[in-house]
Amino acid sequence: MGSKFITFYDLVYTLDEKTGYYLNSTKRKRLHRSIWEHHNGEIPEGYHIHHIDGNKNNNDISNLECMPAKEHAYLHGKYLENILKMKRIQVEGQKKAAEWHKSAEGSEWHKQHYEKHKASLYKTETKKCKYCGIDYEVVVSKANLYCSNKCKSKARRESGVDDVTKNCEFCGTPFTSNKYQKKRFCTKSCSNKGVVRLPQLKNKDAL
1 MGSKFITFYD
11 LVYTLDEKTG
21 YYLNSTKRKR
31 LHRSIWEHHN
41 GEIPEGYHIH
51 HIDGNKNNND
61 ISNLECMPAK
71 EHAYLHGKYL
81 ENILKMKRIQ
91 VEGQKKAAEW
101 HKSAEGSEWH
111 KQHYEKHKAS
121 LYKTETKKCK
131 YCGIDYEVVV
141 SKANLYCSNK
151 CKSKARRESG
161 VDDVTKNCEF
171 CGTPFTSNKY
181 QKKRFCTKSC
191 SNKGVVRLPQ
201 LKNKDAL
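Residue numbers for the sequence shown follow full-length UniProt numbering, so the first one is 1 and each next one is one higher.
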């Protein structure tokens with residue numbers, strides 16, 4: 001889809017989303033006709049301007065052809081007929097393919113295809129865990145870098161990718177913590193003091 005508005009020699013043409021053509025509302029004239037007339041003069045009566053490549057957004061003069069209205073209508077009719085024919089073939093093909101896959105012949109093909117390729121589907125290799133260093137066996141995949149989810153989680157925590165800065169709820173000192181951890185205090189000492197102090201502050205605010 002092209003731009004909504006196009007200016008040609010001080011006249012603004014607006015894209016008509018229903019037809020796909022650019023139209024000047026003042027002169028009620030389409031852009032491609034104005035461009036052809038600018039280069040060649042007035043369009044003869046009973047003639048249309050045809051987009052050679054079928055693209056209504058391509059209004060370059062090299063893509064515009066003047067032809068009898070009947071011939072133009074015939075071309076567009078054949079074009080639409082071909083599109084509908086292709087869509088019909090596609091829909092029918094999809095329907096027949098679905099029916100075949102559900103048939104006994106289709107089921108047998110899928111079974112043979114699986115037996116033929118299952119060895120490669122479940123081929124294993126030995127890898128070394130990126131975190132703990134132990135060797136482990138896994139189905140061939142570049143995504144497997146760790147021997148377990150435990151090692152994967154530890155490696156992620158130690159990388160600091162999920163670290164954020166929080167302020168201690170007791171002393172206010174900034175500290176770094178994993179964003180998924182519910183850590184509220186910067187040290188064990190502040191944690192012990194804070195656990196005692198916070199209920200007292202809440203009771204005080206309630207007075």
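Every residue, glycine too, gets a C-beta built ideally from N, C-alpha and C.
Bridge partners of His-51 according to DSSP: Leu-64. Under the three-state reduction of DSSP, Val-195 is assigned to helix. Approximately 18 Å separates the beta-carbon atoms of Pro-68 and Gly-54; this is outside 8 Å, ruling out the contact. Apart from sequence neighbours up to five positions away, the residues of its chain that approach His-32 with a beta-carbon distance below 8 Å are Tyr-21, Tyr-22, Ile-49, His-51, Lys-56, Asn-59, Leu-64, ordered along the chain. The three-state secondary structure of Glu-108, taken from DSSP, is helix.
When the Cα atoms are used, Lys-116 and Glu-108 turn out to be separated by approximately 12 Å. With a 10 Å radius around the Cβ and a threshold of 16 neighbouring Cβ atoms, Gly-77 comes out exposed. Counting only residues of its own chain and dropping the five nearest sequence neighbours on each side, Lys-152 has a CB closer than 7 Å to the CB of Tyr-146.
The region 122–137 makes no contact with the region 98–113; the number of CB pairs closer than 8 Å stays below 3. The C-beta separation of Lys-4 from Leu-11 comes to about 15 Å, leaving the pair out of contact by the 8 Å criterion. DSSP places Tyr-146 outside both helix and strand once states are collapsed to three, so it counts as coil.
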